[in-house]
């Protein structure tokens with residue numbers, strides 16, 4: 018039993034007789050979650066347009082080069098080279114890597130960890146740049162201006178429709194007034210014809 022509702026006994030019900038929860042109870046106390054609110058949209062746009070930290074990216078590039086140099090140094094130590102020769106070769110290898118990165122021959126960014134937020138932000142900017150180039154979008158294009166152009170065209174179309182309606186209404190009014198004037202003129206002409214005829218009839222009946 019729960020608040021006087023339910024079975025008097027659990028026998029034959031297939032349950033243990035204990036009420037654990039009221040499934041019909043609505044949890045109205047919880048606040049309704051407002052999805053896709055303005056704050057969420059602004060937060061998503063800020064996340065998409067987030068700019069990477071160039072200093073951190075440069076630091077990660079140098080660190081990646083030093084890791085390669087450390088691996089090369091360990092390899093030479095295992096080969097049995099002496100310390101002076103190792104340091105000389107490592108310095109030459111470091112300069113080679115730096116020159117390749119500067120010329121663009123070696124893409125260190127592609128080898129860096131994609132879990133880094135700044136690396137992902139840089140990759141996202143490059144992807145958007147390639148997409149803009151593929152679609153022929155200019156660099157000075159401002160987002161949202163296309164909708165302004167559509168709204169402007171829609172407003173011009175509405176103005177044209179209103180102007181056409183006004184012209185049709187004016188034409189209809191002019192035709193109505195013209196019909197009224199013609200009707201009056203026709204009636205006046207008919208009276209001129211009918212009046213002499215009535216005068217003749219009156220004269221005949223008097224005689």
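Residue numbers (our numbering): 18 to 224.
The C-beta atom is built at its ideal place from N, Cα and C for all residues, glycine as well.
- Of the other Cβ atoms in all chains shown, fewer than 16 fall within 10 Å of the Cβ of residue 152; this residue is therefore exposed.
- The residue among 82, 178, 62 and 149 with its C-alpha nearest the C-alpha of residue 109 is 82.
- Of all alpha-carbon atoms in 103, 142, 147 and 185, the one lying nearest the alpha-carbon of residue 70 is that of 142.
- Residue 41 carries a coil assignment under DSSP once its states are collapsed to helix, strand and coil.
- Straight-line measurement puts the Cα of residue 41 at about 54 angstroms from the Cα of residue 147.
- In the three-state scheme derived from DSSP, where H, G and I count as helix and E and B as strand, residue 176 is classed as helix.
- If you ignore the 5 residues before and after residue 77, its C-beta comes within less than 6 angstroms of the C-beta of 129, all in its own chain and listed in chain order.
- Closest in alpha carbon position to residue 140, among 189, 68, 63 and 121, is 68.
- Taken in chain order, the complete beta strand (DSSP E) segments of 3 or more residues contained in the stretch 106–148 number zero; there are none.
- Residue 134 and residue 107 have their C-alpha atoms some 31 angstroms from each other.
- If you draw a straight line from the Cα of residue 157 to the Cα of residue 57, it is about 27 angstroms long.
- Around the beta carbon of residue 84, a 10 Å sphere encloses fewer than 16 other beta carbons of the protein chains shown; the residue is thus reported as exposed.
- Annotation for residue 31: no residue places its beta carbon closer than 8 angstroms to its own, counting only its chain and skipping 5 residues before and after.
- In the three-state scheme derived from DSSP, where H, G and I count as helix and E and B as strand, residue 104 is classed as helix.
- Our two residues, residue 60 and residue 178, have alpha carbons roughly 41 angstroms apart in a direct line.
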